[in-house]
Amino acid sequence: MANPMEQFEIRTLHPLDAMGYDVSFTNSSLWMLVAMVSIAAFLFIGTARPQLVPSRWQAAVEYMYEFVQKMLDENVGADGRRFVPLVFSIFVFVLACNLLGLLPWIGAFTPTSHVAVTLGLAAIVFAVVCIVGFARHGLHFFSLFWPKDANILLGAFVFLIEFISFLSRPFTLAIRLFANMTAGHVLLKVFGTFVVALGSFQALPYVFGVLPLAVNVALTALELLIAVVQAYVFALLTSIYLNDAVNLH
Amino acid sequence: MPQFDFATFVPQLAWLTAFFAILYFGIVRFTLPKLGRVMTAREDQVTGDIATAERAKAEADNIQAAYDEGIAEARERARATLADSKAQVGRSVEARLAAAGEEVDARLKTAEAALEQARAKAMTSIESIAAEASADIVERFTGKRPTPSVAAKAAKAAVAAH
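Respectively, the protein sequence lines represent chains P and G.
Each residue of the first sequence is one higher than the last, beginning at 168 in my numbering.
Each residue of the second sequence is one higher than the last, beginning at 10 in my numbering.
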């Protein structure tokens with residue numbers, strides 16, 4: 168049986184070196200590029216000639232734009248409009264990486280199944296939250312961790328817990344996405360090997376491969392759902408964290 | 010797990026940073042504001058259209074009210090005119106009836122007067138005929154004819170006593 172982890176292997180396509188650091192163009196880089204180009208095509212076609220009565224492409228882009236805008240309106244409020252481009256970028260990038268990785272093709276790769284990529288995205292979110300928080304509130308930003316109407320001892324204890332939870336946010340954000348993507352692809356691969364193993368039963372060829380194949384079809388639908396939901400969750404948590412930075416509760 | 014091969018972190022993060030920067034600054038910040046402007050313009054147009062429609066409706070309501078008022082006024086006027094002319098007709102009929110009644114009265118009076126005259130005339134002719142006849146009767150009985158004045162007197166007295 169093929170190793171289900173093999174699909175996550177990073178393969179160097181073009182070795183590169185910048186100031187002593189290895190920045191080789193890998194299959195992960197390639198699929199991030201594919202995701203970026205797909206998004207660029209989607210956005211440039213959709214906004215080529217913006218009209219009051221939108222074309223189909225424009226309506227599609229507008230739908231996503233309004234989706235993100237509504238999410239920020241609900242979670243952050245009026246000040247959230249400034250972060251629409253950022254949250255939109257994160258949402259579509261994660262969504263594109265998740266969906267493109269589900270292409271049933273041997274060369275397909277999911278950059279978001281790697282903790283490096285998800286951690287990088289989470290770091291961007293964390294950095295923006297810290298910058299916005301300190302820029303708007305200065306050191307008052309720390310009052311985010313302080314419980315209201317608590318005595319000093321309990322307050323200090325809660326402050327410590329809240330602070331640690333705040334610092335762990337980028338890791339939970341990164342691991343949630345990476346784990347979901349990895350688990351889904353492992354599951355698909357495991358059932359894929361079942362198809363081959365059971366289908367090649369000598370006495371009754373193909374017959375027993377049908378069942379794991381059907382499971383794989385169902386799993387693909389589930390993984391499509393998870394790909395969308397995880398992109399949504401990532402964007403939603405980003406806007407919730409931004410709300411903390413903008414409004415301090 | 011290849012995910013925890015830390016040697017691959019640097020190239021992945023480097024390309025992620027590059028692509029995400031291009032995506033954010035070069036694509037999203039370049040295209041989304043165009044769409045945002047169009048969406049705002051659309052919203053403005055829709056709210057403007059709604060306001061225009063509301064104004065038109067208010068205007069239509071005003072016209073309707075003015076029309077209703079005009080209709081009611083015209084109806085009132087027509088009713089007043091009708092009552093007026095009815096009263097006028099009534100008055101003129103009364104006047105003509107009164108005039109006709111007077112004329113009838115006058116003619117009645119002249120007719121009565123003529124009748125009275127004729128009656129008086131007839132009375133006197135009856136008296137003379139009676140005097141003549143009684144004179145004839147007296148002459149037959151007595152053979153002597155009374156004078157006309159005596160006969161007339163006696164006839165007059167008889168007629169009056171009758």
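Backbone N, C-alpha and C define an ideal beta-carbon position, used for all residues, glycine too.
I want to see whether chain G comes within less than 9 Å of residue i, judged by CB atoms only; does it?
i	result
P/Glu233	yes
P/His304	no
P/Ser222	no
P/His416	no
P/Leu288	yes
P/Ala207	yes
P/Ser195	yes
P/Asn326	The question names Asn, yet the displayed sequence has Phe at residue 326 of chain P. Not closer than 9 Å to any Cβ of chain G, the Cβ of P/Phe326 fails to qualify, so no.
P/Tyr408	no
P/Tyr188	yes
P/His281	yes
P/Val284	yes
P/Pro278	yes
P/Thr349	yes
P/Gln397	no
P/Leu262	no
P/Pro252	yes
P/Met172	yes
P/Glu229	yes
Pop quiz: residue i and residue j are said to be a contact at Cβ under 8 Å. What is the actual Cβ separation, rounded to whole angstroms?
i	j	result
P/Phe293	P/Arg343	Their Cβ separation, rounded to whole angstroms, is 14 Å, which puts P/Phe293 and P/Arg343 out of contact at 8 Å.
P/Glu229	G/Leu44	6 Å
P/Leu267	P/Trp198	6 Å
G/Ala161	G/Ala140	4 Å
P/Gly213	P/Ala227	6 Å
P/Asn383	P/Gly366	Not quite, the Cβ-Cβ distance comes to about 12 Å (not below 8 Å), so this is no contact.
P/Leu409	P/Val296	6 Å
P/Ile177	G/Thr40	Actually they are not in contact, since the Cβ atoms of P/Ile177 and G/Thr40 sit about 31 Å apart, beyond 8 Å.
P/His352	P/Gln236	With a Cβ gap of about 32 Å, P/His352 and P/Gln236 do not count as contacting.
P/Val254	P/Thr279	At roughly 16 Å, the Cβ-Cβ gap does not stay under 8 Å, so P/Val254 and P/Thr279 are not in contact.
P/Ser191	P/Val284	Incorrect: roughly 15 Å between the Cβ atoms, too far for contact.
G/Gln12	P/Phe345	7 Å
P/Ile257	P/Phe368	That belief does not hold up - the Cβ atoms of P/Ile257 and P/Phe368 are roughly 46 Å apart, past 8 Å.
G/Pro155	G/Ala170	At roughly 19 Å, the Cβ-Cβ gap does not stay under 8 Å, so G/Pro155 and G/Ala170 are not in contact.
P/Gly322	P/Trp313	6 Å
P/Arg303	P/Val413	7 Å
Please classify residue i as buried or exposed, where buried requires at least 16 neighbouring CB atoms within 10 angstroms.
i	result
P/Leu270	exposed
P/Gln218	exposed
P/Gly274	exposed
P/Tyr188	exposed
P/Ile291	buried
G/Phe28	buried
G/Glu136	buried
G/Lys118	exposed
P/Val377	exposed
P/Met348	buried
G/Pro20	buried
G/Ser94	exposed
P/His281	buried
P/Trp272	exposed
The beta strand (DSSP E) spanning residue i covers which residue range?
i	result
P/Thr214	Looking at the DSSP string, P/Thr214 is not in any beta strand (DSSP E), and its letter there is neither H nor E.
P/Leu180	179-181
Specify, as a first and last residue, the run of the alpha helix (DSSP H) that residue i falls within.
i	result
P/His304	282-304
P/His352	319-366
G/Arg100	38-151
P/Trp313	Looking at the DSSP string, P/Trp313 is not in any alpha helix (DSSP H), and its letter there is neither H nor E.
P/Arg223	223-242
G/Ile31	Premise fails: G/Ile31 is in no alpha helix (DSSP H) and is neither H nor E.
P/Val384	377-414
P/Val273	In the sequence as presented, Val is not what sits at residue 273 of chain P; that position holds Ile. From DSSP, P/Ile273 is part of no alpha helix (DSSP H); its letter is neither H nor E.
P/Leu371	That residue, P/Leu371, is in no alpha helix (DSSP H); it is neither H nor E in DSSP.
P/Asn170	Careful: P/Asn170 lies outside any alpha helix (DSSP H) and carries neither H nor E.
P/Phe260	251-267
G/Val168	157-170
Would residue i pass as an interface residue toward chain P - the criterion being a Cβ-Cβ separation below 9 Å?
i	result
G/Ile36	yes
G/Gly45	yes
G/Thr40	yes
G/Tyr33	yes
G/Asp58	no
G/Thr26	yes
G/Ala16	yes
G/Leu22	yes
G/Gln12	yes
G/Gln54	yes
Quick one: which chain A residues come within Cβ less than 8 Å of residue i?
i	result
G/Ala50	Protein chains in the displayed structure are P and G, and chain A is not among them.
Return yes when the C-beta of residue i is under 8 Å from any heavy atom of the ligand GDP, and no when it is not.
i	result
G/Ala127	No copy of the ligand GDP occurs in the structure displayed, which carries no ligand at all.
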